[in-house]
Amino acid sequence: MNSEELYNKYSTNLKQKYGEKVYKIPINLPTTCPNRDGTCGVGGCIFCGTEGAGFELLSNKYSIKKQLDKNIGYIGKRYGAKKFIAYFQNFTNTYMPIEDFKQYIREVIHPSVVEIAISTRPDCIHEEYLEALQDLENETGLRMSIELGLQTINYHTLSKINRGHGLAEFLDAVLRIKKYGFEICTHLILNLPWDNQRDVIENAKV
Numbered sequence: 038m039n040s041e042e043l044y045n046k047y048s049t050n051l052k053q054k055y056g057e058k059v060y061k062i063p064i065n066l067p068t069t070c071p072n073r074d075g076t077c078g079v080g081g082c083i084f085c086g087t088e089g090a091g092f093e094l095l096s097n098k099y100s101i102k103k104q105l106d107k108n109i110g111y112i113g114k115r116y117g118a119k120k121f122i123a124y125f126q127n128f129t130n131t132y133m134p135i136e137d138f139k140q141y142i143r144e145v146i147h148p149s150v151v152e153i154a155i156s157t158r159p160d161c162i163h164e165e166y167l168e169a170l171q172d173l174e175n176e177t178g179l180r181m182s183i184e185l186g187l188q189t190i191n192y193h194t195l196s197k198i199n200r201g202h203g204l205a206e207f208l209d210a211v212l213r214i215k216k217y218g219f220e221i222c223t224h225l226i227l228n229l230p231w232d233n234q235r236d237v238i239e240n241a242k243v
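According to the numbering used here, the sequence shown is numbered sequentially starting from 38.
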């Protein structure tokens with residue numbers, strides 16, 4: 038963070054960590070979400086599209102290697118990045134058989150990839166996935182990080198946006214993840230229609 042920034046930007050944090058610009062490469066896996074298939078809900082969160090969420094996301098009809106190669110070429114040229122984070126972004130990326138999960142991670146190992154980020158729900162990050170990530174981190178030497186969707190601490194708002202979980206599940210997931218030493222990125226949506234200024238402040242505190 039420099040003296041002109043009011044907060045520590047994620048891009049600045051990555052430059053400090055890796056010594057140069059690092060850009061995320063979205064990886065589209067053939068998976069779904071328990072908030073879509075009836076396990077904990079149907080229809081998904083109200084802000085999530087039919088293909089999940091993801092900027093510059095390619096179709097999962099492409100192999101993982103092809104998605105990675107195409108976007109490294111495109112994003113690297115467009116933004117001048119040479120190092121990348123393979124970002125398992127859309128839907129819930131720990132909502133699949135554990136062996137599939139491990140194989141997908143191995144498929145994004147690439148000389149230009151310095152980190153693998155896994156996006157998931159607080160109620161879908163179980164011990165076997167955390168243990169697998171720790172084993173893979175030791176095996177590959179790549180940093181593993183986890184991105185958790187919270188969106189807001191306001192339970193009423195969470196219900197309105199059809200999240201299917203509350204703050205308690207998020208806090209439980211964070212405590213379990215921290216035992217393994219993984220960095221956590223929390224997804225929040227500011228100024229949701231049912232939130233107020235106090236909710237925004239409490240979001241930041243959490």
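Glycine included, every Cβ here is placed at the ideal spot set by N, Cα and C.
What's the gap between the Cα of residue i and the Cα of residue j?
{"i": "residue 173", "j": "residue 132", "result": "18 Å"}
{"i": "residue 54", "j": "residue 67", "result": "31 Å"}
{"i": "residue 63", "j": "residue 195", "result": "26 Å"}
{"i": "residue 56", "j": "residue 79", "result": "43 Å"}
{"i": "residue 230", "j": "residue 148", "result": "43 Å"}
{"i": "residue 175", "j": "residue 139", "result": "13 Å"}
{"i": "residue 137", "j": "residue 166", "result": "11 Å"}
{"i": "residue 98", "j": "residue 234", "result": "42 Å"}
{"i": "residue 171", "j": "residue 126", "result": "19 Å"}
{"i": "residue 134", "j": "residue 239", "result": "35 Å"}
{"i": "residue 42", "j": "residue 243", "result": "22 Å"}
In its own chain, which residues sit with a C-beta less than 7 Å from the C-beta of residue i, not counting the 5 before and 5 after it?
{"i": "residue 51", "result": "59"}
{"i": "residue 144", "result": "101, 102"}
{"i": "residue 207", "result": "159, 185, 187"}
{"i": "residue 193", "result": "231"}
Determine the closest residue to residue i out of the options, with distance taken between C-alpha atoms.
{"i": "residue 84", "options": "214, 171, 225, 120", "result": "225"}
{"i": "residue 120", "options": "141, 146, 169", "result": "146"}
{"i": "residue 162", "options": "202, 105, 243", "result": "202"}
{"i": "residue 124", "options": "197, 111, 105, 193", "result": "105"}
{"i": "residue 169", "options": "141, 189, 204", "result": "141"}
{"i": "residue 210", "options": "197, 46, 164", "result": "164"}
Please go through the same chain and pick out, in chain order, the residues whose beta-carbon is closer than 8 Å to the beta-carbon of residue i, but skip the five residues on each side of it.
{"i": "residue 109", "result": "62, 121, 147, 149"}
{"i": "residue 151", "result": "55, 59, 120, 121, 122, 179, 180"}
{"i": "residue 107", "result": "95, 99"}
Give every residue of the same chain whose Cβ lies closer than 6 Å to the Cβ of residue i, excluding the five residues on either side of it in the sequence, and list them in chain order.
{"i": "residue 191", "result": "232, 236"}
{"i": "residue 198", "result": "82, 83"}
Since residue i contacts residue j with CB under 8 Å, what's their CB separation in whole angstroms?
{"i": "residue 213", "j": "residue 82", "result": "With 8 Å as the limit, residue 213 and residue 82 do not qualify as a contact, their Cβ atoms being about 22 Å apart."}
- Message: Check whether the stretch 67–75 and the stretch 103–117 are in contact - that is, three or more C-beta pairs closer than 8 Å.
- Response: As far as the Cβ criterion goes, the stretch 67–75 does not touch the stretch 103–117, which means the pair count is below three.
- Query: If you pair each beta-carbon of the stretch 174–183 with each one of the stretch 219–227, do three or more pairs fall below 8 Å?
  - Reply: For the pair of segments examined, the stretch 174–183 was found to touch the stretch 219–227: the number of CB pairs separated by less than 8 Å reaches three.
- Specify whether the stretch 150–162 and the stretch 118–131 touch according to this definition: at least 3 beta carbon pairs, one from each stretch, less than 8 Å apart. Here the stretch 150–162 lies against the stretch 118–131, with 3 or more beta-carbon pairs under 8 Å apart.
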